[in-house]
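To keep things clear, I will list the structure first and then write my remarks on it.
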Amino acid sequence: MYYLNKKGLALLGIDAKERKKKHQLEHILLRNEAWMWLDFPEWKTEQVITLRYQGEEKTIVPDAFFTKDNVPHFVEIDRLQHMKVNEKKIQYYAYLTNIYQKQQHLTPIIIFCTISDCREKQLMNYAMKYGVYMQTYLLQDVV
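The working numbering puts the sequence shown at residues 23 to 165.
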């Protein structure tokens, strides 16, 4: 996978702000595709979740959140995110999972929609590493 930095964009005469808008639009469209594919759950998007774990405040902003049969589902659309950022998110979801399990005796489901087999495999490795229950879907399967 290749991408252009600011210099590369300038060399090609592409406005970085327009590129960012395009990526945001693509992200929203893919999130909407996932919403349809997940059978139109009543969900909230981009809701900030702040939690305190072992004395530290952590913040997660899932692309979408919904409950099904009283089980919380957190949806992440992964297209271009650095995998280290995804790993940190999954680590935070592990903290959130611990809180749900202790307080409500529930295990949330983390749904990652991603773009490649390689990324899907790495996400699953992170889920196993941090003990998170995750479902992954390839966006080519979703759209």
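Virtual Cβ for every residue (Gly too), placed ideally from N, Cα, C.
Candidates T72, K151 and P63: closest to I112 by CA position: Among T72, K151 and P63, the Cα nearest to that of I112 belongs to K151.
Beta-carbon contacts of D100 that lie in its chain and below 8 Å, excluding the five residues immediately before and after: N108, F134, C135, T136, I137, R141 and L145
Three-state secondary structure assigned by DSSP to L128: coil
Cβ pair I82, Y114 closer than 8 Å: yes
Heavy atom of the ligand SAH within 7 Å of F88 beta-carbon: Among the ligands in the structure shown, none appear at all, so the ligand SAH cannot be discussed.
Coarse secondary structure for I137, derived from DSSP in three states: coil
Of the residues A86, I50 and E48, the one placed nearest W65, counting alpha carbons only: Measuring from the Cα of W65, the nearest candidate turns out to be A86.
Helix, strand or coil at H45 according to DSSP, with G and I counted as helix: Here H45 sits in helix by DSSP.
Q123 - DSSP class collapsed to helix/strand/coil: Three-state DSSP puts Q123 in a helix.
Inter-residue Cα distance where the pair is Q76 and E55: 37 Å
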